[in-house]
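In full-length UniProt numbering, the protein residues as written are 1 to 338. Every residue gets a Cβ at the ideal spot worked out from N, C-alpha and C, and that includes glycine.
This is the structure:
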């Protein structure tokens, strides 16, 4: 796959580990029962059996836990929230990456905000048209241990088309002169005290992100839980916020078993999207090296058809995400506890 990816360190990181990750594990992981609990809300928990704890620590930005689970394989947990599971992460990452690439007429460059585990880059690099993928994650420790433990992404990390940057995505986009065909938000969910809620705001989309897109450029972001009972937490707000900035905005969803919910993504551009199942299948066959496990033309089209409850909320949503008026999902980041 070529030489090792370039690694840039654009800001400093604390090497000191604190006790908060140990506290998280003591609250949710018990040696005798070997179960891990994720608190989805004050009255709802999601638990799964584990074989072992592969890694735990606290970086400057977030609590990080990597578990080996019985049902889902290796699971990445950040600030107590399930981020990715080995068994079904392909659903999330195929839905995040491929729709924008398949809707763009000739995508060659991509900027990924977050994505430290490497799975988003892996999917992007399946497209033979891609010349350059920049993956910008704020947390060096996340990148380091994902490179070590998530063997499925080993080739992606070694691909010469991948450029790794350790920096805040906002600062990185601001200082770069180049523009991109696709910009991807593979960010952690916005939690109070977390490292990335500002990257969901209208001012960021309008003043920093959009100017870095080429003509015909497409922006896509993960947008949090999108189930009947959860879509009002952040999904509808992120959708409405992006509508204030881009002319064409498309929300779509899929069920991710390890998340115990339906998940949402939002794709946006100033050029209209054309999604035809047969044409998407043709583009997949023509443009992608390797096999997709979840997405095809029919599933992409169906993912854009939302149920009545969610559709009505998105239509009537008025909240715009700002730094002063942000919405958060349940939970707290490291900064909240300081």
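| Asked | Found |
| --- | --- |
| What does a CB cutoff of less than 7 Å around residue 119 pick up in its chain, not counting 5 residues either side in sequence? | 84, 89, 93, 153 |
| If the criterion is Cβ atoms closer than 8 Å, does the pair residue 238 and residue 268 meet it? | no |
| So residue 166 and residue 140 are supposed to be a Cβ contact under 8 Å. How far apart are they, rounded? | 5 Å |
| Measuring alpha carbon to alpha carbon, tell me which residue in 58, 173, 263 is nearest residue 232. | 263 |
| What's the call for residue 148, buried or exposed, on a 16-neighbour Cβ count within 10 Å? | exposed |
| Helix or strand or just coil, what does DSSP make of residue 242? | helix |
| Shortest alpha-carbon distance to residue 283 belongs to which of 249, 180, 107, 164? | 107 |
| Give the DSSP-derived three-state secondary structure of residue 153 in the structure shown. | helix |
| Please list the segments of the alpha helix (DSSP H) lying wholly inside the stretch 122–177, counting only runs of 4 or more residues, in order along the chain. | 140–149, 154–158, 169–175 |
| I'd like to know if residue 261 contacts chain C, where contact means its C-beta is closer than 8 Å to some C-beta of that chain. | Absent from the structure is chain C; it holds one protein chain and no more. |
| Could you give the distance in angstroms between the alpha-carbon of residue 182 and the alpha-carbon of residue 190? | 22 Å |
| Please state if the CB of residue 55 and the CB of residue 42 are separated by a distance shorter than 8 Å. | no |
| Go to residue 90, then tell me how far its alpha helix (DSSP H) extends in each direction, as first and last residue. | 89–103 |
| Taking a contact to mean a Cβ-Cβ separation below 8 Å, would you say residue 199 touches residue 187 in this structure? | yes |
| Taking the alpha helix (DSSP H) that residue 278 falls in, what are its first and last residues? | 277–287 |
| DSSP three-state label for residue 310, please. | helix |
| Under the assumption that residue 76 contacts residue 36 (Cβ atoms under 8 Å), give the Cβ distance between them as a whole number of angstroms. | Wrong, their Cβ atoms sit about 12 Å apart, outside the cutoff. |
| Buried or exposed for residue 329, going by 16 or more other Cβ atoms inside 10 Å? | buried |
| Could you tell me which of 294, 95, 131 sits nearest to residue 252, measuring between CA atoms? | 95 |
| Rounded to the nearest angstrom, what separates residue 168 and residue 208 at their Cα positions? | 13 Å |
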